[in-house]
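So the protein lines, in turn, are chains A and B. Count along the first sequence starting at 1, add 2, and that's the number in this note's numbering. Count along the second sequence starting at 1, add 1486, and that's the number in this note's numbering. Even glycine gets a Cβ: it sits at the ideal position worked out from N, Cα and C.
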Amino acid sequence: MEQVFSLILVGFTSVGAYVLGTRVLGLPARDIRKAVGKMLECFGISLVFFVVNLSAGVIGILVARATIRGFVSLYMAADVTVLFLSVLQGLTFVWWRDLSAL
Amino acid sequence: MNHPSMEAPQGSNRVDWARISRLLGLAGVALFLTAAFTPLPNILIRWLGTPARLESAEAIVVLGAGVEPDGVLGDTSMRRALDGMVLHRKGLAPLLLLSGPGRGEGPAEAEVREELARALGISPEVILTESKAQTTREEAVKSGALLREKGVRRILLVTGSHHMARAQRLFERAGFEVLAAPTDEVSSEASSPEGRLRLMRRTLQELLARFYYRAAGYL
Chain A
3 MEQVFSLILV GFTSVGAYVL GTRVLGLPAR DIRKAVGKML ECFGISLVFF
53 VVNLSAGVIG ILVARATIRG FVSLYMAADV TVLFLSVLQG LTFVWWRDLS
103 AL
Chain B
1487 MNHPSMEAPQ GSNRVDWARI SRLLGLAGVA LFLTAAFTPL PNILIRWLGT
1537 PARLESAEAI VVLGAGVEPD GVLGDTSMRR ALDGMVLHRK GLAPLLLLSG
1587 PGRGEGPAEA EVREELARAL GISPEVILTE SKAQTTREEA VKSGALLREK
1637 GVRRILLVTG SHHMARAQRL FERAGFEVLA APTDEVSSEA SSPEGRLRLM
1687 RRTLQELLAR FYYRAAGYL
């Protein structure tokens, strides 16, 4: 149960959101596929930002190690906040691109 | 709505970035679900691990794992230190080398561990500390020099199970016979999604570290 609790929880609230969207807000059900596609696009761009951030972080730290006297840990580049911030970057980038196309 | 410049016009060879992003996103979601909800991370962390070889040695070497600037040992550091002390108490080696630098102006991890060892009744005469090394490679070099001064050639190495293979190789290259005394820093049996994601993160970190050490010629 512990392993799948979050999946079940998110499954239930997703069904709730679907019902709310279609019956209360009047959103067309057929557009859900496009929405999933957009979500995947945002996530994909976020992953690109994450890899770029990680690579830039590692390179920056290696350069810093070679040029300054103090020690800089490579683990800094792998901080979990980098992943969250990359998601924000990805979302912002995709929305920026879409809004610019309007 | 997709930006016109990001979509591939029909019949052209332009890159469809939106489609590539979606495929990347799909791959990312699949990877996330696999890591969080299947036993793959458990299998990978066990695969990275090194089996214990607990035999008599001339010194026990406990590698650093981090201390806060106020001198609070991290969980991993505490686990390794206690494992090293238990091995010493069992009589597996007469010397106990505690490693670990400090952060900022705070006390060194090795000093905090030494205090703990003393408080737990281990004689100060058998404790060695090394607080300058910042990386596993530096630990092998600096601790190695300290151990050679004492005539030590055979060591019991205490570090995380997934970190052991890399550390063991470095100490072997420094001229020691290394017996692995891996610490279970994370349970390889973790079954919650969060626990599995943590295992996956450690696995990926260690794989990247091994790749970097190999590329740099340290291993």
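Across which residues does DSSP place I1546(B) in a beta bridge pair?
Here residue 1546(B) is taken as the residue at index 60 of the second sequence, counted from 1. Answer is L1582(B), L1642(B), bridged to I1546(B).
Give the interface partners of A1504(B) over in chain A, defined as CB-CB distance under 8 Å, in chain order.
Taking the second sequence and counting its residues from 1, the one referred to as residue 1504(B) is at position 18. Under the 8 Å cutoff, chain A gives E43.
Can you list, in chain order, the residues of its chain with a C-beta nearer than 6 Å to that of R1532(B)? Leave out the 5 residues immediately preceding and following it.
The count along the second sequence starts at 1 and reaches residue 1532(B) at position 46. Around R1532(B): S1674.
Across which residues does DSSP place V1553(B) in a beta bridge pair?
Taking the first residue of the second sequence as 1, we reach residue 1553(B) at position 67. For V1553(B), which the question treats as bridged, DSSP gives the partners L1559(B).
List, in chain order, every chain B residue whose beta-carbon is nearer than 7 Å to that of S57(A).
Residue 57(A) sits at position 55 when you count from the first residue of the first sequence. Correct list: empty, because the minimum Cβ distance to chain B is about 11 Å.
DSSP on I61(A), reduced to helix/strand/coil?
The residue given as residue 61(A) occupies position 59 in the first sequence. Here I61(A) sits in helix by DSSP.
Span of the beta strand (DSSP E), counted from its first residue to its last, around V1664(B):
Stepping through the second sequence from its first residue, residue 1664(B) is reached at position 178. Segment 1663 to 1669, the beta strand (DSSP E) holding V1664(B).
Sorted by chain position, which residues of the same chain lie with C-beta nearer than 6 Å to C44(A)'s C-beta, five sequence neighbours on each side aside?
Within the first sequence, numbered from 1, the residue matching residue 44(A) stands at position 42. Closer than 6 Å at the Cβ level, and outside the excluded window around C44(A), lie G92, L93, V96.
3 or more residues per run - each beta strand (DSSP E) lying fully within the region 1600 to 1658 of chain B
1613 to 1616, 1640 to 1646
Determine which residues of the region 1668 to 1679 of chain B have a Cβ less than 7 Å from any Cβ of chain A, and write them out in chain order.
S1677, S1678, P1679
May I ask which residues mark the beginning and end of the alpha helix (DSSP H) holding R1696(B)?
Start at 1 with the first residue of the second sequence, and residue 1696(B) comes out as number 210. Taken as a continuous stretch (DSSP letters only), the alpha helix (DSSP H) holding R1696(B) covers 1679 to 1701.
Mapping DSSP to helix, strand and coil, what is I34(A)?
Against the first sequence, residue 34(A) aligns to sequence position 32. In the structure shown, I34(A) sits in a helix (DSSP, three-state: H, G or I).
Since T15(A) is in the alpha helix (DSSP H), which residue starts that stretch and which ends it?
As a working note, residue 15(A) is residue 13 in the first sequence. Per DSSP, T15(A) belongs to the alpha helix (DSSP H) from 7 to 21.
Return the residues of the region 1641 to 1664 of chain B that lie within a Cβ-Cβ distance of less than 7 Å from chain A, sorted by chain order.
none
Can you give me the Cβ contacts of L1526(B) inside the same chain, cut-off strictly under 6 Å, excluding the 5 residues immediately before and after it?
Stepping through the second sequence from its first residue, residue 1526(B) is reached at position 40. Excluding positions up to five away in sequence, the list reads T1520.
Could you check whether the Cβ of I34(A) sits closer than 8 Å to any Cβ belonging to chain B?
As a first step, residue 34(A) must be located in the first sequence, where it is residue number 32. Output row for I34(A): interface = no.
Boundaries of the alpha helix (DSSP H) in which I1531(B) is found, first to last residue:
Along the second sequence, one-based indexing puts residue 1531(B) at 45. It spans 1526 to 1534 - the alpha helix (DSSP H) in which I1531(B) sits, taken as one unbroken run.
Go ahead and pull the three-state DSSP assignment for A103(A).
As a working note, residue 103(A) is residue 101 in the first sequence. Three-state DSSP puts A103(A) in coil, outside helix and strand.
Step through the CB atoms of chain A and report whether any lies within less than 8 Å of the CB of A1494(B).
As a first step, residue 1494(B) is located in the second sequence; it is residue number 8 there, counting from the start. Its pLDDT being 49, under 50, A1494(B) is placed unreliably by the model, and the measurement read from it follows with that caveat. No - not a single Cβ of chain A is within 8 Å of the one on A1494(B).
F73(A) at chain B interface by Cβ criterion, 8 Å:
Taking the first sequence and counting its residues from 1, one reaches residue 73(A) at position 71. At least one chain B Cβ lies under 8 Å of F73(A).
Under 8 Å from the C-beta of R1508(B): neighbouring residues of chain A:
Working through the second sequence from its first residue, we reach residue 1508(B) at position 22. What R1508(B) touches in chain A: G39, L42, E43, G46.
When you compare only the Cα positions, how much space is there between G1590(B) and R1700(B)?
For this step, residue 1590(B) is matched to residue 104 along the second sequence. For this step, residue 1700(B) is matched to residue 214 along the second sequence. Going by the C-alpha atoms only, they are around 30 Å apart.
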